[in-house]
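Numbering (this note's numbering), first residue to last: 7 to 444.
Glycine is no exception: its CB is placed at the ideal position from the N, C-alpha and C atoms.
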Ligand SMILES: Cc1cc2nc3c(=O)[nH]c(=O)nc-3n(C[C@H](O)[C@H](O)[C@H](O)COP(=O)(O)O)c2cc1C
Ligand code: SF4
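What follows is the structure, given as structure tokens:
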């Protein structure tokens, strides 16, 4: 294990994670002692439009994967339309490898609750929902407890802190489907329907929950808001890069000495993150990695110095996504890893559109053939052709994301595929697993 140098340790910028190690950090008493709800008091004295402008000025971009500017999204909510407005927090966190929202809600749930109240006030919503994935029982318990504590202290409910602003906040547990992280499928699920994406336009900003104006934001996005209110836009922009401002929680997993969450300014490199995480495990050399979960194209050891912000990662041919940085070594097989991800996408495909439903079904079968030593050279063309028919032709981002590791692993690691096809690598799957396809 390597020890990070002081200049690399200085890359850590704990903002959203700063309370995580405090004893009982999830309790309202601890939160209040550590500046908690001070931003809310300040925000309630401001005009809602000024808060939207502040978030615009900060350059905050969504932490759910796409990096959409948050203030702009809030500004799309029509005002004075006589309709109820809703804030919906996307706490589904289903992207493989991603582990930033659940620890945040477990360790510091009040930062999310405070962010919800400020954001709701800004967009003039009197009802907000946090949609949390069903399996996250512990985080949901902590969150519900935090919501109850906030009600008891007058931070939620009627006439919050005497401001005249009312807000009801509901924590809703989903049933555990990756597609319910897609914002329109989430809204359908919240309304009690089967979670499947909706056709856009119309967008949630005008026709969201119950066909009313709705903002859907990620946990990390909303939890950033109290810090921006207290610290100001200039302070927030002092971290990160010109177009990707602020700190970001990078969740590191895989063949590294110390997996976990590392909060750094956007633009940190994998080389620096690896040093912070104690380096690779002994005997392992970096072979490939995902910058933002399994829906983002793989990068390799050539990309150690790519700035991990929205533009930097895009420039290297991938996507920053959820900053779920999964590290694989020369002892891991990119063909097998891609197959396992495809099994996931095939299983999680909601079935609404043909390219994703059928394409993933067939690609899984081609991978099984290759990995059981029965693949052919034509299979590689079939995979690329299938990806061509999924990418950009699917109804939602799940289909597009499924193709990322296929095309990128073929781009960088074609030899690993050929080694199975030409018999140099021993089959990883048995004939039984090949036939046992469902
Ligand atoms: C298949 C799929 C799954 C998604 N899962 C999540 C998720 O778990 N959490 C999340 O915040 N966004 C997820 N998203 C992105 C959301 O649709 C949406 O862009 C995001 O919640 C917007 O919040 P933000 O602007 O704060 O990033 C997913 C998108 C797709 C296509
Ligand atoms: S891309 Fe996949 S998950 Fe998305 S609508 Fe089509 S079938 Fe459903």
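| When DSSP builds the beta bridges, which residues end up paired with residue 178? | In DSSP, residue 178 forms a bridge with 137.
| request: Kindly identify the DSSP beta-bridge partner or partners of residue 221. | output: Looking at the DSSP assignment, residue 221 forms a beta bridge with 93.
| query | Quick one: complete alpha helix (DSSP H) runs, 4+ long, within the segment 222 to 306? | reply | If one requires a minimum length of 4 residues, the alpha helix (DSSP H) runs lying completely within the segment 222 to 306 are 225 to 237, 239 to 243, 276 to 282, in chain order.
| request: Identify the continuous alpha helix (DSSP H) that holds residue 1 and give its terminal residues. | output: Residue 1 lies beyond the range of the chain shown here (7 to 444); nothing can be said about it.
| residue 407, DSSP secondary structure in three states | Helix at residue 407.
| request: Name the residue from 354, 358, 48, 367 whose alpha carbon lies nearest to the alpha carbon of residue 187. | output: The residue with the shortest Cα to Cα distance from residue 187 is 354.
| task | Along the alpha helix (DSSP H) that carries residue 321, what are the first and last residues, could you check? | result | Element bounds for residue 321: 316 to 321.
| task | Excluding the 5 residues preceding and the 5 following residue 290 in the sequence, name in chain order all residues of the same chain whose CB lies nearer than 8 angstroms to its CB. | result | Shown here for residue 290: same chain residues with a beta carbon closer than 8 angstroms to its own, the five before and five after excluded, namely 261, 335, 336, 337 in chain order.
| The alpha helix (DSSP H) with residue 7 in it runs from where to where? | Looking at the DSSP string, residue 7 is not in any alpha helix (DSSP H), and its letter there is neither H nor E.
| field | Any non-hydrogen atom of ligand 2 closer than 8 angstroms to residue 105 Cβ | value | Annotation for residue 105 indicates a beta carbon at 8 angstroms or more from all heavy atoms of ligand 2.
| task | Provide the residue span of the alpha helix (DSSP H) that contains residue 387, from first to last. | result | First-last of the alpha helix (DSSP H) with residue 387: 383 to 396.
| Where residue 443 and residue 376 are concerned, what is the direct C-alpha to C-alpha distance, given to the nearest angstrom? | Annotation note: pLDDT 49 at residue 443 (below 50); position unreliable, no value reported.
| query | Thinking C-beta only, is residue 329 closer than 9 angstroms to residue 233? | reply | It is not a contact, given that the beta carbons lie outside the stated cut-off.
| task | Decide yes or no for the touch test of the segment 268 to 282 against the segment 352 to 367: beta carbon pairs closer than 8 angstroms, at least 3 of them. | result | With a cut-off of 8 angstroms, the segment 352 to 367 and the segment 268 to 282 do not count as touching, because too few Cβ pairs lie within range.
| said: Looking only at its chain, what residues have a beta carbon closer than 8 angstroms to the beta carbon of residue 92, apart from the 5 residues adjacent to it on each side? | reply: Hits under 8 angstroms: 131, 133, 134, 135, 214, 215, 216, 218, 219, 220, 221.
| message | Could you give the first and the last residue of the continuous alpha helix (DSSP H) run that contains residue 165? | response | Boundaries cannot be given for residue 165, as no alpha helix (DSSP H) includes it and DSSP labels it neither H nor E.
| field | Integer-rounded CB distance, given that residue 406 should sit under 8 angstroms from residue 397 | value | Contact holds; Cβ gap of about 5 angstroms.
| Under the three-state DSSP convention, the category residue 54 falls into | Three-state result, residue 54: helix.
| field | Of the residues 77, 421, 422, 110, the one placed nearest residue 145, counting alpha carbons only | value | For residue 145, the closest of 77, 421, 422, 110 by C-alpha to C-alpha distance is 110.
| Are residue 122 and residue 150 closer than 9 angstroms when you measure CB to CB? | Residue 150 sits away from residue 122, with the two beta carbons spaced by 9 angstroms or more.
| task | Identify the continuous alpha helix (DSSP H) that holds residue 132 and give its terminal residues. | result | Segment: none, residue 132 is in no alpha helix (DSSP H) and carries neither H nor E.
| Is the segment 233 to 242 in contact with the segment 59 to 72, if contact means three or more CB pairs nearer than 8 angstroms? | Taking a cut-off of 8 angstroms on C-beta distances, the segment 233 to 242 touches the segment 59 to 72, as three or more cross pairs fall below it.
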